[in-house]
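>
There are 2 protein chains.
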Amino acid sequence: MAKTVDAATMRQINKGYVTEIIYNQGPLSRMEISQVTGLNKATVSSLVDELIAEQFVQEIGLGASNGGRKPVMLKINASAGFCIGVDVQITHMKTILADLSGGIVYQHMRPIAAIHGLLSQSELEELLVEEIQRAIQQAPPSCHGILGAGIALPGIVNYRTGSVFYLPNIEIRDWNLTDSLSKSFSFPIFVDNDGNCGAWSIYRERHQQNLVFVNVGIGIGTGIVVNGHLYRGQDGIAGEFGHTSIAAMGAVCACGNYGCWEQYASEQALLRYLREVEEIPASLELSPNLVSLAVDKAATSPGYQRAFRTLGQYLGIGIANIVNSLNPGLVVIGGTMAQAAPLFLPEVQYVIRHRAMASNKQVCLTVANADAIVLGAAQLPISNTLLHSPLAES
Amino acid sequence: MAKTVDAATMRQINKGYVTEIIYNQGPLSRMEISQVTGLNKATVSSLVDELIAEQFVQEIGLGASNGGRKPVMLKINASAGFCIGVDVQITHMKTILADLSGGIVYQHMRPIAAIHGLLSQSELEELLVEEIQRAIQQAPPSCHGILGAGIALPGIVNYRTGSVFYLPNIEIRDWNLTDSLSKSFSFPIFVDNDGNCGAWSIYRERHQQNLVFVNVGIGIGTGIVVNGHLYRGQDGIAGEFGHTSIAAMGAVCACGNYGCWEQYASEQALLRYLREVEEIPASLELSPNLVSLAVDKAATSPGYQRAFRTLGQYLGIGIANIVNSLNPGLVVIGGTMAQAAPLFLPEVQYVIRHRAMASNKQVCLTVANADAIVLGAAQLPISNTLLHSPLAES
DNA sequence: GCGTCTTCGTTTGTATGTTAAACTATATGC
DNA sequence: GCATATAGTTTAACATACAAACGAAGACGC
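In structure tokens:
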């Protein structure tokens, strides 16, 4: 439901808007901001003064004249503060320290000892505290210090409350991760699904109002951006396209459903397709580097290539379902499988062209880089403090 | 992208909010509105005065005392103006005149002569003009007269531009229906997909922020409400869950995809299931009253009952996909098939409980009444003029 | 090199809106 | 009947965006 507005809210909205414009389109002059936003130039001046006083924006000198006085160019002060992002996966976790413009100034990869069902809730919590603390120590001195941390999890989490309901290989009991971690840190903590984080980083980068991020790893998760907001659904668990059935009478999935998409287009599926085409070495199993190993093999093996093409076909079937149901402006493939994109992307595109309706056939399809998820996690604090306008409830 | 706010916008937002509160929760006193909205009571008084001057709101007398002066109760002045709604289907069109609170004061059903590919674009336009004019003549005198008309179409339309891309049985060439009809009428015309209209009327009634309306007729269309706004996607063609594949290698559909959900859970599918179980009379064919005939037969025929249960099973499979991907708070089944709900609903619920994940198992599932779509069409002008706030871009 | 014009940005005054507080009106209850 | 509570209005104060005037700084023609 919409919220009411008073003078302070009005200013907050306008200020967030100006910040976002500088963020996305900077460097800009006050004049240009006024033209883009439609705000009066006096208003822009006043808002920018505030942002400069807060050190979030800085003047970087004069721009080229347009026939008169030279404009003063403004841009985000990237090192005014830093954010921490953590991407927790089954086999490892990656922690980064990012500046305000999303530049990675420190990163650390840490394997998670327990691959098969051994890690406890408190052990994971300790790991997180340790990794975040390590990142804090790497932060250069800055006026705002650490603005917050965002944690991407490969399971079911409620962003609004910060509680975690399900993670693979970890028994969860009544776990409010945000509350737990907040005891150790003075900055705000945000928790979200990894697919959502991936989607968010793409949104921040491309400003496409409606997009779906398809996170292909051991399973498939998706993040949905609708009208420029992450869509989380009624209970915060939207985006499980991986557990929609593309074979009504298919094999039963761990989730209880039958013929789930992720049974046909994930690492698990790839492994199955590989076994179908030829004898594969024992080293090829569900592991952090399954995909990269398979990609290497595919360079010389037509069988491996065929397996990737089969995967691409099913990936395309599921993506066609997504574009037909949601008509997004952009679909991005991320996750571990993304590195194999050259081997399956043509197949995906072929299937979409044949199966999607109308203008969905031309949907823009791209591949995310490996850091998309962890970058999105690091962006959560920025989006929720610096840019957040109270009307923009997702 | 968010918009900027000035004083006038601020007031418009607050006024729209107050109107909506009275609309949804009235009768209310000024004091109660102040508490619900958080607006100062002086502000509420001022906004309400404006609404009363415009005759959209009226004082209906004193309420019960809470230990002091009795409150003046306010409600929407339902007959301050009227809206026209048209639901265009393949076999017929239904036109209604609705008052501001959604009460139907006139309705007219008109068969469409051409069932199989005979109606032209201009003929349909003439029909629409005729029916709308007839409805205008039925409007009681009121201070605002006709506020607008909304038209629900069973095809692909772009709400924003008012143009129609595809309708079954009609060859469309470059058709901007809003523009065409606007020449004949002085009030604003809105055009939308029938699934969207259905979803919108349910939203107006239940205020559930995230819901999906499943329009089951000859095919399946869906309307999606996300965060209280109709989600239309990048090109305005979102919601084609009917053309998502639930059988990756199934039969080819008219849309080009394979194994589309609507091939398994629509009137077409019902007819097939009926043929499978027993000899059916020739009178049973794709026609406006197929479902009601079949429902009658089912009262005495176990075979018919079985066919409906099979339909329910596939309906459930598709709905499980919807709830897993979108996690809506409410799913509503509408369209012609809704009248047979008692025959398939238990099956749908069973399948959802078994196939949906986590809290999606408990998703609220209801059946819409027959007028949902046409009522939603009639609501379009209200939502876009009376209640519309400029920040609420869908 | 000088004056004029253009553009950039600030300053000042005004309009509009919400809010808080004082005030009026009207009810309850002892 | 009087104290008290609630409903709604009036008044003044405050915040903000906006428009217009103003000042600053460069471009350009002569």
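These protein sequence lines map, in sequence, to chains L and E. Read left to right, the first sequence gives residues 1 to 394 (the working numbering). Read left to right, the second sequence gives residues 1001 to 1394 (the working numbering). Just so you know, even glycine gets a beta-carbon here, dropped at the ideal spot from N, CA and C.
(1) May I have a chain-ordered list of the alpha helix (DSSP H) segments no shorter than 4 residues that lie completely inside the stretch 1013 to 1080 of chain E?
(2) How would you label Pro-1281 (chain E), buried or exposed, when you count the other beta carbons within 10 angstroms and need 16 or more for buried?
(3) What are the start and end residues of the beta strand (DSSP E) that includes Leu-1147 (chain E)?
(4) With a cut-off of 8 Å, does the C-beta of Asp-1087 (chain E) fall near any C-beta of chain L?
(5) Comparing the C-beta of Ser-45 (chain L) with each C-beta of chain E, is any distance below 8 Å?
(6) Let me see if you follow: with CB-CB separation under 8 Å, is Leu-1039 (chain E) close to chain L or not?
(7) Quick one: grab the DSSP three-state call for Leu-343 (chain L).
(8) For the alpha helix (DSSP H) containing Cys-1404 (chain E), list its first residue and its last residue.
(9) Taking only the alpha-carbon atoms, compute the straight-line gap between Thr-1300 (chain E) and Val-1351 (chain E) and give it to the nearest angstrom.
(10) Short of 9 Å Cβ to Cβ, which residues in the stretch 1192 to 1209 of chain E face chain L?
(11) I'd like the list of long-range same chain contacts for Lys-297 (chain L), defined as Cβ closer than 7 Å, with 5 residues on each side in sequence excluded.
(12) Where Gln-379 (chain L) and Val-105 (chain L) are concerned, what is the direct C-alpha to C-alpha distance, given to the nearest angstrom?
(13) Can you list, in chain order, the residues of its chain with a C-beta nearer than 6 Å to that of Asn-196 (chain L)? Leave out the 5 residues immediately preceding and following it.
(14) Assuming contact is defined by CB atoms lying nearer than 8 Å, are Asn-1014 (chain E) and Leu-1047 (chain E) in contact in what I supplied?
(15) Would you mind listing the alpha helix (DSSP H) stretches within the stretch 263 to 288 of chain L that are 4+ residues and don't spill past its ends, in chain order?
(16) Tell whether a beta-carbon distance below 8 Å holds between Pro-27 (chain L) and Leu-74 (chain L).
(17) List, in order along the chain, the chain L residues whose C-beta lies closer than 9 Å to that of Tyr-1273 (chain E)?
(18) Which of the residues in the stretch 1235 to 1259 of chain E, read from start to end, lie with their CB under 9 Å from any CB of chain L?
(19) Taking Ser-1359 (chain E) as the query, report the chain L residues whose CB atoms sit under 7 Å from its CB, ordered along the chain.
(20) By the criterion of Cβ-Cβ separation under 7 Å, what are the contact partners of Tyr-1317 (chain E) in chain L?
(21) Going straight from the alpha carbon of Glu-1276 (chain E) to that of Ile-1156 (chain E), what length do you get?
(22) When the cut-off is 8 Å and only beta carbons count, does Gly-1329 (chain E) lie next to chain L?
(23) Counting only beta-carbon separations shorter than 8 Å, does Ile-1280 (chain E) have a partner in chain L?
(24) Would you kindly work out how many angstroms separate the C-alpha atoms of Tyr-1264 (chain E) and Ser-1245 (chain E), rounded to a whole number?
(25) So, helix, strand or coil for Ser-1292 (chain E), using DSSP?
(26) In angstroms, rounded to a whole number, what distance separates the CA positions of Pro-1188 (chain E) and Gln-208 (chain L)?
(27) Taking 7 Å as the limit between beta carbons, can you name the residues of its chain near Asn-1324 (chain E), skipping five residues before and five after?
(28) Taking C-alpha atoms, which residue in E:Ala-1247, E:Gln-1268 and E:Ser-1266 lies nearest to Tyr-1258 (chain E)?
(29) By DSSP, does Asp-1179 (chain E) sit in helix, in strand, or in coil?
(30) Mind listing the chain L neighbours of Met-1010 (chain E)? Cutoff is C-beta to C-beta under 7 Å, in chain order.
(31) Applying a beta-carbon distance threshold of less than 7 Å, which residues of chain E neighbour His-354 (chain L)?
(32) Quick one: is Ala-1265 (chain E) near chain L, going by C-beta distance under 8 Å?
(33) Please go through the same chain and pick out, in chain order, the residues whose beta-carbon is closer than 8 Å to the beta-carbon of Arg-160 (chain L), but skip the five residues on each side of it.
(34) If you draw a straight line from the alpha carbon of Glu-393 (chain L) to that of Leu-1365 (chain E), how long is it in whole angstroms?
Reading off the structure:
(1) Along the stretch 1013 to 1080 of chain E, the alpha helix (DSSP H) occurs as fully enclosed runs of 4 or more residues at 1030 to 1037 and 1041 to 1053, listed in sequence order.
(2) exposed
(3) 1146 to 1153
(4) no
(5) no
(6) Yes, because at least one Cβ of chain L sits closer than 8 Å to the Cβ of Leu-1039 (chain E).
(7) DSSP places Leu-343 (chain L) within a helical segment (H, G or I) once states are collapsed to three.
(8) Since the first and last residues shown for chain E are 1001 and 1394, residue 1404 (chain E) lies out of range.
(9) Approximately 25 Å between the Cα atoms of the pair.
(10) His-1207, Gln-1208 and Gln-1209
(11) Sequence-distant partners of Lys-297 (chain L) (beyond 5 residues in either direction) whose C-beta falls short of 7 Å from its own C-beta, in its chain, are Tyr-304.
(12) The alpha-carbon of Gln-379 (chain L) is positioned some 14 Å away from that of Val-105 (chain L).
(13) Gly-223 and Leu-230
(14) yes
(15) Runs found: 267 to 277.
(16) It is a contact, given that the beta carbons lie within the stated cut-off.
(17) None at all; the shortest Cβ gap to chain L is about 14 Å.
(18) Asp-1235, Gly-1236, Ile-1237, Ala-1238, Gly-1239, Glu-1240, Phe-1241, Gly-1242, His-1243, Thr-1244, Ser-1245, Ile-1246, Ala-1247, Ala-1248, Met-1249, Gly-1250, Cys-1255, Gly-1256, Asn-1257, Tyr-1258 and Gly-1259
(19) Asp-235 and Ile-237
(20) Inspection of the sequence shows that residue 1317 (chain E) is occupied by Ile rather than by Tyr. Per Cβ cutoff of 7 Å: Ser-245 and Ala-248.
(21) 32 Å
(22) yes
(23) Taking 8 Å as the threshold, the shortest C-beta distance from Ile-1280 (chain E) to chain L does not fall below it.
(24) 10 Å
(25) helix
(26) Looking at the two C-alpha atoms, the distance is approximately 30 Å.
(27) Ala-1356, Met-1357 and Asn-1360
(28) E:Ala-1247
(29) Asp-1179 (chain E) falls in the helix class under three-state DSSP.
(30) Chain L residues near Met-1010 (chain E): Val-5 and Met-10.
(31) Gly-1256
(32) no
(33) Arg-232 and Gly-236
(34) At Glu-393 (chain L), the pLDDT of 38 sits below 50, so the modelled position is not reliable and the matter cannot be decided from this model.
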